[in-house]
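These protein sequence lines are chains A and B, in that order. Each residue of the first sequence is one higher than the one before, counting from 572 in this note's numbering. Each residue of the second sequence is one higher than the one before, counting from 840 in this note's numbering. Presented below is the structure to which this report refers.
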Amino acid sequence: AQSVTQPDARVTVSEGASLQLRCKYSYSGTPYLFWYVQYPRQGLQLLLKYYSGDPVVQGVNGFEAEFSKSNSSFHLRKASVHWSDSAVYFCALSRNNNNAPRFGAGTKLTVKP
Amino acid sequence: GPKVLQIPSHQIIDMGQMVTLNCDPVSNHLYFYWYKQILGQQMEFLVNFYNGKVMEKSKLFKDQFSVERPDGSYFTLKIQPTALEDSAVYFCASSLVGGNSDYTFGSGTRLLVI
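Structure representation (structure tokens):
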């Protein structure tokens with residue numbers, strides 16, 4: 572079985588501050604990991620994904636995430652947030668080629684001007 | 840980039856009636872998915888469809904639910920009969936392959952069962 576936990580339901584940061592959104596997963600094998608962003612009344616947009624290689628993966632709009640097998644984590648980071656980054660961020664995990672991604676509960680990010 | 844289109848964007852239906860949600864996936868994609876999201880909550884996996892067959896489904900994919908993609912047209916989710924708890928936003932997604940793939944999501948169909 573697989574599961575994804577996003578421990579922070581809401582995060583508020585000031586514009587220009589750094590950001591870390593936490594994601595923990597539970598899966599005994601090698602996971603495919605994803606971060607998606609959802610803007611109001613829209614579908615999910617892929618920020619980045621990871622399967623193997625360099626544990627730090629770069630995504631769109633300055634986002635990056637770091638995979639840690641020892642901590643079963645895949646935290647999302649951004650050095651300096653912009654007000655337009657306000658959205659809901661979902662971490663997701665897929666087991667294999669025939670397994671659809673399973674999502675965490677999401678973290679609602681609010682960036683204060 | 841390529842888009843997944845969902846039709847209609849909103850649907851209101853009487854409890855007990857049938858509803859069909861339509862999804863026009865990215866043209867060369869082979870895997871199709873439905874997810875259910877209740878008002879701002881978690882995106883819950885419903886079903887994964889490939890090569891004309893359901894590959895996997897969750898406990899949320901009740902017997903009243905069915906999916907098909909006849910002749911490469913829309914990928915559809917049919918609920919018959921609908922129940923009040925089916926009210927949610929239903930997201931369709933597609934991908935070229937499974938696993939480590941770029942999943943493209945539609946903007947959702949907001950279903951209200953009254």
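The C-beta atom is built at its ideal place from N, Cα and C for all residues, glycine as well. Here the structure is a predicted model, which is why all the values come from computation and not from measurement.
Asked: I'd like the list of long-range same chain contacts for Y954(B), defined as Cβ closer than 8 angstroms, with 5 residues on each side in sequence excluded.; Found: The question about residue 954(B) has no answer, for chain B in this structure spans 840 to 953.
Asked: At what residues does the beta strand (DSSP E) containing T859(B) begin and finish?; Found: 858-863
Asked: Suppose only complete runs of 3+ residues qualify. What are the beta strand (DSSP E) ranges in the region 863-901 of chain B, listed by chain order?; Found: 870-876, 882-889, 892-896
Asked: Closest to L680(A) by CA distance: which of A572(A), Q591(A), F674(A), V575(A) is it?; Found: Q591(A)
Asked: What residues of chain B sit near F645(A), judged by a beta carbon separation below 8 angstroms?; Found: Correct list: empty, because the minimum Cβ distance to chain B is about 13 angstroms.
Asked: Can you tell me whether L923(B) is buried or exposed? The criterion is at least 16 other CB atoms within 10 Å of its CB, across all chains shown.; Found: exposed
Asked: Considering only DSSP beta bridges, list what Y622(A) is partnered with.; Found: According to DSSP, which records beta bridges pairwise, Y622(A) is partnered with nothing at all.
Asked: Anything in the region 893-922 of chain B with a Cβ closer than 8 angstroms to a Cβ of chain C? List those residues in chain order, please.; Found: The structure shown contains no chain C; the protein chains it does contain are A and B.
Asked: Beta carbon of M854(B), beta carbon of Q919(B): below 8 angstroms?; Found: no
Asked: Determine which residues share a DSSP beta bridge with I918(B) and list them.; Found: V858(B), F904(B)
Asked: If we count the other Cβ atoms within 10 Å of its Cβ and call it buried at 16 or more, is V893(B) buried or exposed?; Found: exposed
Asked: Would you tell me roughly how many angstroms separate the C-alpha atoms of Y612(A) and S905(B), rounded to the nearest one?; Found: Just to set this straight, residue 612(A) is Arg in the shown sequence, not Tyr. Those two C-alpha atoms are separated by around 25 angstroms.
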